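The opening position of the sequence shown corresponds to residue 2 in our numbering, with each subsequent residue numbered one higher.
All C-beta atoms, glycine included, are put in the ideal place defined by N, C-alpha and C.
Since we're looking at a predicted model, the values are computed, not measured.
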Amino acid sequence: MGKKKGASGEGEETPTDSPLDKYANELQRLIDRTDPDEFADDLGTDIWKWFTDLETFSSAAVKAGLAYGKTLRNRLVKEHLEELIPIFLKFTAKIRDRDANIFDLQTTLAGTDDALLRAKVWSLEKENASLRAKLDLGNDIAASLRDLIPKIE
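See the structure below:
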């Protein structure tokens, strides 16, 4: 006679899930792990509150023994998922503000580069004018000396 696969302990072992792990409230675990201070600009508070409200709703639905159907789906959308839109809009507004600030800083830096280049051009033009004046003075002195040397000899 052959042995049954499970009788000797060989073969596949199924981990025994405790009832607490099997029916644990993953949403509550997520809420417990979420730190509102990790989010920028107090948006974490909104997210944490949304998850807490959703957990209250879902726990009440589970305790009442409601089956997931059209009615529960519609309540979920109306009472909870629609609340995500303002949170997303806040995130989007913050991202747009930061993008605008970055663009302004880049423009300012680029403007500073332009201003610096204009200042360099102005400085070089002034130096060029000064050197031309010295060159003209040197040419005038050389021309005067050429005129005076034949007269002195």
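If you compare the alpha carbons of Phe58, Gly139, Leu31 with that of Lys79, the shortest gap goes to Phe58. With a threshold of 16 other beta carbon atoms within 10 Å, Leu55 meets it and is buried. Nearest neighbour of Leu28 by Cα position, chosen from His81, Asp47, Ala130, Ser60, turns out to be Ser60.
Glu154 carries a coil assignment under DSSP once its states are collapsed to helix, strand and coil. When DSSP states are grouped into helix, strand and coil, Thr57 belongs to the helix group.
In this structure the stretch 86 to 106 lies against the stretch 33 to 53, because at least three pairs of beta carbons, one per stretch, are closer than 8 Å. For a cut-off of 8 Å, the C-beta gap from Asp42 to Lys95 is around 6 Å, short enough to register as a contact.
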